[in-house]
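>
Structure, rendered in C-alpha cells:
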C-alpha cells in the first residue's frame, strides 16, 4: 500500500503503474461508458450541515435545488459527490455533475485521481493506480462505537475516542450522546427513509447517529453497506425510493455555483446554445412528469426484498449435493428433494 494513507489504511490493495496493476475507480466515476453510477438523494440527505444540525430538519429540504442543497454541509459530502465548485485533484477547472456519466446527477468522486497521474492515463478504463482500502482505522472506530451502543454500555467517553475522532478529522462538531438520545432523528427512524427496526430504548437516538456516521464515512467502499443492512435486519432500505437530483421543471440550472447555467431541461424544441440540454421524458425522467426528482429506474420492475428469505444467501447446489444432510436456507428452492 505504497500510496495509501498509512495513518488511516490498516490494510489496502496496492496498485502500481510500473507493475501494471490497475483498478477502474477513476474511469468508473467520470466516463460515460461505465454504467453511469450515481449516489441517491437518500444518502445526500443523510449528511449533516457543517454546524452539526440536520439537513432534513430544514424547511423545504425535499425540494432544494442542487447548489443550495450541497452548500454548508458536512465536508465529507464534497469528498463523496461532485458538489458546487468541484474540481479534480491537481486541477483548477470547475466541473458540473455530468448526467451522461451519472444517472442520478449525484456523481461519485471518492476515488477519482489526478488526471495527470499514471503517465496521464488514469482516466482510461482500468488504469487507476490509487491504493484501495480493505479496512481502515475509521471502520474500526465505527465498529467499536456500534458494538458498545448495541450492548447498552456506550458512554460519552466511548464516543469521544471513536465517532468524535472521525468527526474531528472531518471538521465536524462532536456527537453528544445525551442530545442524540433525547431527540432521535425522525428521518433516520422512518420506514420511508431510514431504519424502521431500531428499538433500543434509551439508546435509540445514538444508534441512529452511529449508523449515519457509518453510512457516510464508508460510502462507496465495497460491499460494506449491503452487509450492514443485512446484519441490522434493515432489508426495508433496499425497497426505498431511488431518486436523484431535484428539478422544479423545465429551465436553466446552475450546478457549479458560479451563477451560470450548466444544464437546460426542456420539453419542446431544444434550446439553442452551448449549454448541455436534456429533454424531459426522453433524455432525463423526473418523478412527477415535468418536475421532481431524477427517476433513473422509471420503467424498471424492482424485485422487492423478501424478509423471510433474503437475509441469507442460498446454499450452493454443489455443496448440498456433497452432503444431503445440509438443509437449504429458508425460502430458497434449488430443486433438490433431500
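Numbering (this note's numbering), first residue to last: 1 to 338. We treat Cβ as the ideally placed atom computed from N, Cα and C, and that holds for glycine.
With DSSP as the reference, label residue 168 as helix, strand or coil.
Residue 168: helix per DSSP, three-state reduction.
> In whole angstroms, what separates the C-alpha of residue 195 from that of residue 232?
C-alpha separation (whole angstroms): 9 angstroms.
> Among residues of its own chain, excluding the 5 on either side of residue 315, which ones have a beta-carbon nearer than 7 angstroms to its beta-carbon?
The residues are 326, 328, 329.
> So, do the stretch 8-28 and the stretch 129-137 have three or more beta carbon pairs nearer to each other than 8 angstroms?
Counting Cβ pairs under 8 angstroms, three or more are found: they touch.
> Would you check if the distance between the CB atom of residue 56 and the CB atom of residue 123 is smaller than 9 angstroms?
In this structure, residue 123 does not lie closer than 9 angstroms to residue 56 by Cβ.
> Inspect the CB distances between the stretch 41-59 and the stretch 209-219 and report whether three or more fall short of 8 angstroms.
Taking 8 angstroms as the limit for Cβ pairs, the verdict is that the stretch 209-219 does touch the stretch 41-59.
> Can you look up residue 206 in the DSSP assignment and give me helix, strand or coil?
Residue 206: helix per DSSP, three-state reduction.
> Could you have a look at residue 236 and say whether DSSP puts it in helix, strand or coil?
The answer is helix: DSSP assigns residue 236 an H, G or I state.
> Quick one: grab the DSSP three-state call for residue 294.
Residue 294 falls in the strand class under three-state DSSP.
> Do residue 294 and residue 33 come within 9 angstroms of each other at the CB atom, strictly closer than that value?
Against a cut-off of 9 angstroms, the Cβ pair of residue 294 and residue 33 comes out as no contact.
> Mapping DSSP to helix, strand and coil, what is residue 27?
Three-state result, residue 27: helix.
> Is residue 173 helix, strand or coil by DSSP?
Correct three-state label for residue 173: coil.
> At what residue ranges does the stretch 104-157 contain a whole run of the alpha helix (DSSP H), taking only runs of 4 or more?
Whole alpha helix (DSSP H) segments, 4+ residues: 117-120, 137-151.
> Using C-beta distances below 8 angstroms, list every residue in its chain close to residue 182, excluding the 5 sequence neighbours before and after it, in chain order.
Excluding sequence neighbours, residue 182 sits near 205.
> Among 109, 267, 113, 58, whose alpha-carbon lies nearest the alpha-carbon of residue 76?
Among 109, 267, 113, 58, the Cα nearest to that of residue 76 is on 109.
> On the criterion of 16 or more Cβ atoms from any shown chain inside 10 Å, does residue 146 qualify as buried, or is it exposed?
Classification for residue 146: buried.
> Can you tell me where the alpha helix (DSSP H) with residue 321 in it begins and where it stops?
First-last of the alpha helix (DSSP H) with residue 321: 317-322.
> What does a CB cutoff of less than 7 angstroms around residue 249 pick up in its chain, not counting 5 residues either side in sequence?
Excluding sequence neighbours, residue 249 sits near 290, 291.
> Select from 230, 7, 97 the residue whose C-alpha is nearest the C-alpha of residue 264.
Among 230, 7, 97, the Cα nearest to that of residue 264 is on 97.
> Could you have a look at residue 276 and say whether DSSP puts it in helix, strand or coil?
Residue 276: strand per DSSP, three-state reduction.
> Taking just the CA atoms, how far does residue 38 sit from residue 31?
Taking the straight line joining both Cα atoms gives about 12 angstroms.
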